[in-house]
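Q: Residue 1 is where the sequence shown starts when you use this note's numbering, and the numbers rise one by one after that. Note that beta-carbon positions come from the ideal geometry of N, C-alpha and C, so glycine has one too. Only a predicted model underlies this, so the values are computations on that prediction, with no experimental measurement involved.
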Amino acid sequence: MIETAVLKAKVATDSEFEKNSKFFLEASIGDTPLIRLRRVTKDLPENIEVYAKAEHLNPGGSVKDRAALAMILAGENSGELTKDKTILDATSGNTGIAYAMIGAARGYKVTLTLPKNASHERKRILKLYGAEIIETDHMNGTDGAQIAAKKLFAEQPDKYFYPDQYNNEANWKAHYEASATEIWQQTNGRITHFVAGLGTTGTFV
């Protein structure tokens, strides 16, 4: 009787730990600080200030955590993403890491297509999170990875949830509704210019 009670308590504790881990992971995405880059403006007038949004402080190490979480939640809310489906998408690395990390926390399998020349470190991280990697010809860049992902989805639509980060509204909405609001509040509405690198263009839109 005592052993049974201890076992039940352990199962409950493990389940609660898993639930809390998912909550804390997702709660730690976003609300990143702005860091003033004083050296960049040292030779400019004092009233010119340049700040960088420290998106590397997201748990997956990049801005892509925001979009990946938003697309997964949108898939769940629409009913397109169910527990029996595998998350599938093309990536050059960062979004894939975010998918793999969040997918592991929420109990989803993740399959990613990416160019062969993606860094060894990124591939290693993806594998550590349990993602399946399908490498594509690096000469075709991310276009080749997208073609491969679309082909897989077309062949087995019942197996995969394909968010298609390059054409998913939840991608840019994650930044419109959160990143932009954070920047506006952190600058007290004083922002005059915004600069971002372009990939899917989610951050820029």
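Quick check on F23: does DSSP put it in helix, strand or coil?
A: The count along the sequence shown starts at 1 and reaches residue 23 at position 23. It is helical.
Q: DSSP three-state label for A35, please.
A: As a first step, residue 35 must be located in the sequence shown, where it is residue number 35. In the sequence as displayed, the identity of residue 35 is Ile instead of Ala. Correct three-state label for I35: strand.
Q: Do K64 and A105 come within 8 Å of each other at the CB atom, strictly closer than that value?
A: Your numbering for residue 105 matches position 105 in the sequence shown. Your numbering for residue 64 matches position 64 in the sequence shown. Contact flag unset, no.
Q: Here's the rule: buried if 16 or more other CB atoms are within 10 angstroms of the residue's CB, otherwise exposed. What is V195?
A: Here the question's residue 195 lines up with position 195 in the sequence shown. With fewer than 16 Cβ atoms within 10 Å of its Cβ, V195 is classed as exposed.
Q: Evaluate K109 with the Cβ neighbour count: other Cβ atoms within 10 Å of its Cβ, from every protein chain shown; 16 or more gives buried, anything less gives exposed.
A: Residue numbering aside, residue 109 sits at position 109 when the sequence shown is read from its first letter. Buried, because 16 or more other Cβ atoms sit within 10 Å of the Cβ of K109.
Q: Ignoring anything shorter than 3 residues, give me the beta strand (DSSP E) runs that lie fully in the segment 40-99, in order along the chain.
A: Runs of the beta strand (DSSP E) inside the segment 40-99: 51-53 and 86-90.
Q: Looking only at its chain, what residues have a beta carbon closer than 6 Å to the beta carbon of P33, apart from the 5 residues adjacent to it on each side?
A: In the sequence shown, residue 33 corresponds to position 33, counting from 1. These residues qualify, in order along the chain: A54.
Q: Apart from the five residues on each side of it in sequence, which residues of its chain come closer than 6 Å, Cβ to Cβ, to G130?
A: Residue 130 sits at position 130 when you count from the first residue of the sequence shown. If we look at G130 and ignore the five residues flanking it on each side, its Cβ neighbours are A104.
Q: Using CA coordinates, which residue listed in T95, T91 and W172 is at the minimum distance from D143?
A: Start at 1 with the first residue of the sequence shown, and residue 143 comes out as number 143. Measuring from the Cα of D143, the nearest candidate turns out to be T91.
Q: So K116 and E135 are supposed to be a Cβ contact under 8 Å. How far apart are they, rounded?
A: Here residue 116 corresponds to residue number 116 of the sequence shown, with the count starting at 1. Here residue 135 corresponds to residue number 135 of the sequence shown, with the count starting at 1. Rounded, the Cβ-Cβ distance is 4 Å, consistent with contact.
Q: Using 8 Å as the Cβ pair cut-off and three pairs as the minimum, do the segment 79-93 and the segment 41-48 touch?
A: Flag = no, the segment 79-93 and the segment 41-48 do not touch.
Q: Please list the terminal residues of the continuous alpha helix (DSSP H) segment that includes T136.
A: Looking up residue 136 in the sequence shown gives position 136. Where T136 is concerned, there is no enclosing alpha helix (DSSP H), although the beta strand (DSSP E) it sits in stretches over E132 to T136.
Q: When you compare only the Cα positions, how much space is there between D164 and D89?
A: Position 164 of the sequence shown, counted from the first residue, corresponds to residue 164. Position 89 of the sequence shown, counted from the first residue, corresponds to residue 89. Roughly 6 Å separates the two Cα atoms.
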